[in-house]
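Numbering (my numbering), first residue to last: 24 to 205.
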Amino acid sequence: MTIELSSSRERALRRWRRIEARQETWAGRQRRLSRPGPTKALTTTYAAALSIALCVWIAANFLTPTPLLLGIYIAALIAAMFAITLLRISIGSRDRAPAAVLDDYEAEVLSLWRSRALTAMSIALFSGGAAFAFIYPLASSSSAAASQVAVNAGLYMIFVYLAVATLPTAGYAATFNRNPEE
24 MTIELSSSRE RALRRWRRIE ARQETWAGRQ RRLSRPGPTK ALTTTYAAAL SIALCVWIAA
84 NFLTPTPLLL GIYIAALIAA MFAITLLRIS IGSRDRAPAA VLDDYEAEVL SLWRSRALTA
144 MSIALFSGGA AFAFIYPLAS SSSAAASQVA VNAGLYMIFV YLAVATLPTA GYAATFNRNP
204 EE
């Protein structure tokens, strides 16, 4: 078990070193993004795009779905994914780095944000699950309504994941992408 664990760690470190070598080609872009202005813009863009997609999803439940709503929904999700990808580039994907390559302060910051993300995920999934468990029996009179509730429950879980799983990335970026004089 110990041998497997150490070889697993070694493989993770080798994989991380290859990622770091590839990141050297992105160093110039990363420096441009690793400032407070772009960090705030990317975080705001991610949150706004995800909020727009959520609002369109809710609207599609009450209105007749149209190609326009679908287009807005897809565009918002693509914008959100683009923003979070650039934010991860700005921090050099340190939020996914093995613990061996992080210093103590980085590990502490990531641990704090992961803890916050876990708490938020637990609360959101419990409250959402309870709400859908309450709504499902009310909608189960017709199979179409019951399947719509099931689809909405799945989309709710996806939105919760997209909103909460990126908290360590945003927290790390907000902590470390600052002006040197701060």
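Glycine included, C-beta positions come from ideal geometry on N, C-alpha and C.
1. Are the CB atoms of Thr62 and Val132 within a distance shorter than 8 Å?
2. Would you check if there are 3 or more beta carbon pairs closer than 8 Å linking the stretch 61–75 to the stretch 35–45?
3. So, using beta-carbon positions, are Ser57 and Asn200 closer together than 8 Å?
4. Could you check what DSSP says for Ser116 in three-state terms: helix, strand or coil?
5. Considering only the beta carbon of each residue, do Ile114 and Tyr184 sit closer than 8 Å?
6. Under the three-state reduction of DSSP, which class applies to Ser74: helix, strand or coil?
7. Grouping DSSP H, G and I as helix and E and B as strand, with all else coil, what is Asn202?
8. Contact check, Ala72 vs Ala106 under 8 Å by CB: the rounded distance?
9. CA-CA distance, Gly152 and Trp136?
10. Going straight from the alpha carbon of Gly94 to that of Phe85, what length do you get?
11. Sorted by chain position, which residues of the same chain lie with C-beta nearer than 7 Å to Ala120's C-beta, five sequence neighbours on each side aside?
12. Here's the rule: buried if 16 or more other CB atoms are within 10 angstroms of the residue's CB, otherwise exposed. What is Leu91?
13. Report the three-state DSSP secondary structure of Pro191 (helix, strand or coil).
Walking through what the data contain:
1. Numbered from 1 along the sequence shown, position 109 holds the residue referred to as residue 132. Numbered from 1 along the sequence shown, position 39 holds the residue referred to as residue 62. Not a contact, by the Cβ cut-off of 8 Å.
2. no
3. Residue numbering aside, residue 57 sits at position 34 when the sequence shown is read from its first letter. Residue numbering aside, residue 200 sits at position 177 when the sequence shown is read from its first letter. Contact: yes.
4. Residue mapping note: residue 116 aligns to position 93 of the sequence shown, counting from 1. In the structure shown, Ser116 sits in coil (DSSP, three-state: anything other than H, G, I, E or B).
5. As a working note, residue 114 is residue 91 in the sequence shown. As a working note, residue 184 is residue 161 in the sequence shown. No.
6. Counting from one through the sequence shown, the residue named residue 74 turns up at place 51. Of the three classes helix, strand and coil, the one that applies to Ser74 here is helix, per DSSP.
7. Walking along the sequence shown from the start, residue 202 turns up at place 179. When DSSP states are grouped into helix, strand and coil, Asn202 belongs to the coil group.
8. As a working note, residue 72 is residue 49 in the sequence shown. As a working note, residue 106 is residue 83 in the sequence shown. Going by Cβ atoms, the distance from Ala72 to Ala106 rounds to 6 Å, so yes, they are a contact pair.
9. The sequence position of residue 152 within the sequence shown is 129, counting from 1. The sequence position of residue 136 within the sequence shown is 113, counting from 1. In a straight line, the C-alpha of Gly152 is about 24 Å away from that of Trp136.
10. Within the sequence shown, numbered from 1, the residue matching residue 94 stands at position 71. Within the sequence shown, numbered from 1, the residue matching residue 85 stands at position 62. Taking the straight line joining both Cα atoms gives about 17 Å.
11. Numbered from 1 along the sequence shown, position 97 holds the residue referred to as residue 120. Here Ala120 has Trp39 as same chain residues with Cβ atoms under 7 Å from its own Cβ, once five neighbours each way along the sequence are excluded.
12. Along the sequence shown, read from residue 1 onward, the residue named residue 91 stands at position 68. By the 10 Å Cβ count, Leu91 comes out exposed.
13. In the sequence shown, the residue the question calls residue 191 occupies position 168. In the structure shown, Pro191 sits in a helix (DSSP, three-state: H, G or I).
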